[in-house]
Every structure is written in structure tokens, then in C-alpha cells.
Amino acid sequence: RRSKQITTDEFVTNILAGNITYLSRAITLVESTNVNHQKQATEIIERCLPHANKSIRIGITGVPGVGKSTFIEAFGKHVTSLGKKVAVLAVDPSSSVNKGSILGDKTRMEELVTDKNAFIRPSPSGTSLGGVAQKTRESIILCEAAGFDTIIIETVGVGQSETAVHSMVDFFLLLKLAGAGDELQGIKRGIIEMADAIVINKADGDNEKNAKIAKVAFTRALHLYPPKESGWLPKVETASALTNDNIDKVFSMIAEYFTTVTTSGYFQQKRNEQNKYWLLETINLQLKNNFFGRDVVKNQLEKEIKNLENGKTTPFNAAKNLLDL
Ligand code: GDP
Numbered sequence: 003r004r005s006k007q008i009t010t011d012e013f014v015t016n017i018l019a020g021n022i023t024y025l026s027r028a029i030t031l032v033e034s035t036n037v038n039h040q041k042q043a044t045e046i047i048e049r050c051l052p053h054a055n056k057s058i059r060i061g062i063t064g065v066p067g068v069g070k071s072t073f074i075e076a077f078g079k080h081v082t083s084l085g086k087k088v089a090v091l092a093v094d095p096s097s098s099v100n101k102g103s104i105l106g107d108k109t110r111m112e113e114l115v116t117d118k119n120a121f122i123r124p125s126p127s128g129t130s131l132g133g134v135a136q137k138t139r140e141s142i143i144l145c146e147a148a149g150f151d152t153i154i155i156e157t158v159g160v161g162q163s164e165t166a167v168h169s170m171v172d173f174f175l176l177l178k179l180a181g182a183g184d185e186l187q188g189i190k191r192g193i194i195e196m197a198d199a200i201v202i203n204k205a206d207g208d209n210e211k212n213a214k215i216a217k218v219a220f221t222r223a224l225h226l227y228p229p230k231e232s233g234w235l236p237k238v239e240t241a242s243a244l245t246n247d248n249i250d251k252v253f254s255m256i257a258e259y260f261t262t263v264t265t266s267g268y269f270q271q272k273r274n275e276q277n278k279y280w281l282l283e284t285i286n287l288q289l290k291n292n293f294f295g296r297d298v299v300k301n302q303l304e305k306e307i308k309n310l311e312n313g314k315t316t317p318f319n320a321a322k323n324l325l326d327l
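For what it's worth, this note's numbering labels the leading residue of the sequence shown as 3, then goes sequentially.
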């Protein structure tokens with residue numbers, strides 16, 4: 003096994019040359035819990051970093067069944083048809099629990115998978131969202147170093163993962179369906195506030211009319227929110243991932259956003275803020291892991307919980323005892 007080990011030099015040279023096999027293996031190192039793998043992953047990322055960043059990072063979220071994978075396939079194919087390179091990554095903290103995770107299914111995005119200018123990677127597995135998101139963030143850097151100029155991060159719109167994805171992308175797109183008139187009730191305020199665009203998918207056949215009505219309703223609703231720091235007015239569009247209708251329009255909209263925020267300087271400002279956020283987030287994560295990973299803490303924690311149950315201590319005292327260790 004030793005003789006086959008790939009050196010950091012080899013990794014970096016091949017990733018920078020756009021070699022997908024090496025990119026894939028490097029991401030495997032990023033995702034590994036093995037200390038040596040992590041050490042090498044860190045070295046690779048550090049050396050790739052100066053070559054990253056020349057991309058647009060797009061977050062795509064929506065409830066299961068809204069058409070995320072169909073949309074990403076259609077969108078991704080459009081991107082590669084423009085001579086660009088697209089990488090699709092995912093953040094799905096549930097993927098370690100239920101194996102039927104997003105992107106885990108090989109039959110998804112069948113056409114995009116065979117496109118040589120596309121790279122698709124399922125969500126890393128992990129128990130904590132922070133850990134999963136951290137790995138995805140590092141993988142973004144490697145993809146960018148490998149020449150991927152369009153990065154798509156997919157996440158299921160059911161929990162906290164949207165916030166994690168929002169904090170690693172430049173543009174956040176919410177996929178919706180036209181419902182029976184109550185479109186706005188089902189959406190959490192927080193997600194709407196994060197969205198730079200809402201795309202009403204499945205705007206085809208009998209659905210088209212309802213989609214147009216939903217577009218008006220969403221547009222109106224978005225206008226009720228205070229203006230975004232980016233100066234960008236969130237847009238609503240209808241599209242069909244099945245017939246490709248308006249997929250090009252969604253791309254042009256994102257391109258317009260990109261031009262707007264690079265000109266205003268907001269693009270770099272946001273990335274700087276995100277870097278700061280992830281610095282602190284990484285420290286939090288590491289401190290937590292170090293703390294809870296210690297045997298002495300694990301043992302005492304059990305005791306303190308028993309004491310709590312028996313009314314012998316208070317949460318505050320128990321926490322103090324543990325932290326004093
Ligand atoms: P995901 O769970 O969000 O990834 O959704 P999928 O991409 O797996 O799509 C769920 C179902 O909706 C599949 O049967 C798709 O064929 C269908 N679908 C996706 N996009 C469209 C669309 O634009 N129009 C129509 N009519 N069906 C679609």
C-alpha cells in the first residue's frame with residue numbers, strides 16, 4: 003500500500019491539471035477521519051487555495067420531490083454547453099443515517115454524470131451538520147482549483163442545512179412548486195430571506211398556468227422584505243427542468259447577479275465574511291469535539307446526568323463541574 007501512496011505534489015499537480023480522478027481521491031482524503039489522511043488533505047488544500055476562488059458558488063434547495071436533481075441536471079448541462087465546467091456537491095447531514103441520501107443514488111443526473119465537464123459528488127457522511135458542511139467547503143476549494151468555475155451545492159430544504167449552505171455560496175436559489183394557492187404558507191420566513199431567487203419548477207403542461215400565478219404571488223411577497231445588503235432584488239422565475247424551459251433564463255439571472263455584486267464589491271465582502279464565519283465555526287467544532295471526545299468528560303457527563311435526574315445538582319453546576327475538568 004505504501005508504494006502506491008500518492009504524494010502531495012502529485013495530488014496538487016494533477017488537480018491543477020483538472021484530473022478528476024485525483025480530485026475525487028483528494029476529496030476522499032478530506033472526508034476521511036484518519037489523522038494521516040486529514041494531514042495530507044490539509045496540505046493539498048493549502049497548496050490549492052491560491053488557485054481557487056475563480057468561480058460562482060450556487061446553493062440550491064427545495065423540499066424532496068420539487069425536482070432538485072432534475073433541475074441541476076438541466077442547469078448543469080446548460081452550463082457545460084456554454085463551455086464552462088460545473089461541479090455538483092451536496093450537504094446532507096442525514097445521509098449517514100438513511101442511506102437513500104440526496105446524490106447518493108447513482109441513477110440521478112444520469113446525463114450530467116457522463117459529461118466530461120461535470121463533476122458530481124454525493125454528500126459526505128457525518129453526524130454533525132457542521133462537520134459535513136466543513137468537508138463540503140473544503141471540497142469546493144479543490145473543485146475550484148481543478149478548474150470548475152460553477153459550483154452547485156445541493157441541500158434538502160427541510161432543516162438547518164440551508165443556513166450552512168447559505169454561508170458557503172454566493173447565490174442562493176430556492177426551488178418551489180406552484181401549489182393550490184397557499185404557496186406562501188409552506189415556506190419558512192428564514193429561507194425566503196436567504197433566497198436570491200425563487201424558481202417555480204415544473205412549469206409545464208397543466209401546471210404552467212398555476213406557476214405563473216405563483217410567480218406573481220411570490221414576487222409580491224418578496225417585495226415585503228427589506229432590501230438585501232447586496233443591493234440585489236430577489237427575482238422569481240418559472241422553469242421546467244423537464245422541458246428545459248427557462249433554464250437559460252435562470253442562468254442569465256445568476257450571471258447578472260454576479261456582474262452586479264462583483265462591480266459593487268459585495269461579492270468579495272461576502273466571501274470575506276463567510277471565511278470569518280467558517281474560521282469561528284471550525285474552532286467551535288474542534289473545541290466541542292475535543293471536549294466531548296475525552297473519556298474523563300464522557301464518564302463525568304454520565305454521572306452528572308444521573309445527579310440531575312436525582313435532583314442532586316443543577317444544570318449550571320453540572321456544566322461547571324464538567325468544564326472544570
Ligand atoms: P428532488 O427530490 O428534489 O431531487 O426531485 P427529483 O429531481 O428527483 O424530481 C422528482 C420528480 O419530479 C421526478 O419524477 C421528476 O421527473 C419530476 N420532475 C422534476 N422536474 C420536473 C419538471 O420540471 N416538470 C415535471 N413535469 N416534472 C418534473
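Idealized CB from N, CA, C, for every residue including glycine.
Proximity to Glu239 across Tyr227, Glu210, His168, Asp11 peaks at Glu210, based on C-alpha coordinates.
With a cut-off of 7 Å, the C-beta of Lys178 is classified as distant from the ligand GDP, since no heavy atom of the ligand falls inside that distance. In the DSSP annotation of this structure, the continuous segment of the alpha helix (DSSP H) that includes Ala147 starts and ends at 131-147. Your pair Ile60 and Leu175 checks out as a contact, with CB atoms roughly 6 Å apart and the cut at 8 Å. DSSP places Thr116 in the coil class of the three-state scheme, outside both helix and strand. Of all alpha-carbon atoms in Phe293, Glu146, Ala213, the one lying nearest the alpha-carbon of Asn55 is that of Glu146. Counting only the Cα atoms, Leu177 lies some 32 Å from Ile47. Taking the Cβ of Asn203 as the reference point, at least one heavy atom of the ligand GDP falls within a distance shorter than 7 Å. Per the coordinates, the alpha-carbon of Val93 lies some 7 Å from the alpha-carbon of Thr138. In this structure, DSSP gives Val93 an extended state, which the three-state scheme calls strand.
The continuous beta strand (DSSP E) containing Thr157 extends over residues 152-158. At a Cβ-Cβ threshold of 8 Å, Ile17 and Ala148 count as neighbours. Across the structure, Lys251 and Asn203 are spaced so that their CA atoms are roughly 13 Å apart. In the three-state reduction of the DSSP assignment, Asn203 falls in the strand class, which pools E and B. In the structure shown, Arg59 adopts extended strand secondary structure according to DSSP, grouped into three states.
Between Leu84 and Ser141 the beta-carbon gap is near 23 Å, outside 8 Å, which marks them as no contact.
Nearest Cα to Thr10 within the set Gln40, Thr35, Lys87: Gln40.
The stretch 118-128 and the stretch 70-89 touch, with three or more beta-carbon pairs separated by less than 8 Å. One alpha carbon belongs to Ser127, the other to Phe150, and they sit about 23 Å apart. Out of Pro95, Val81, Asn319, the CA that lies nearest to the CA of Ser254 is found in Val81. Counting along the chain, Lys237 sits inside no alpha helix (DSSP H); it lies in the beta strand (DSSP E) bounded by residues 237-240. Following the DSSP letters along the chain, one finds Leu303 inside the alpha helix (DSSP H) bounded by residues 297-311. Close CB contacts of Thr315 within its chain, under the 7 Å cut and outside five residues either way in sequence, are with Glu306, Asn309 (chain order). Take the alpha-carbon of Ser57 and the one of Phe173: they are about 11 Å apart. Residue state for Val218 is assigned as helix, using DSSP reduced to three classes. Per DSSP, Leu176 lies in no alpha helix (DSSP H) segment; the continuous beta strand (DSSP E) that holds it begins and ends at 173-179.
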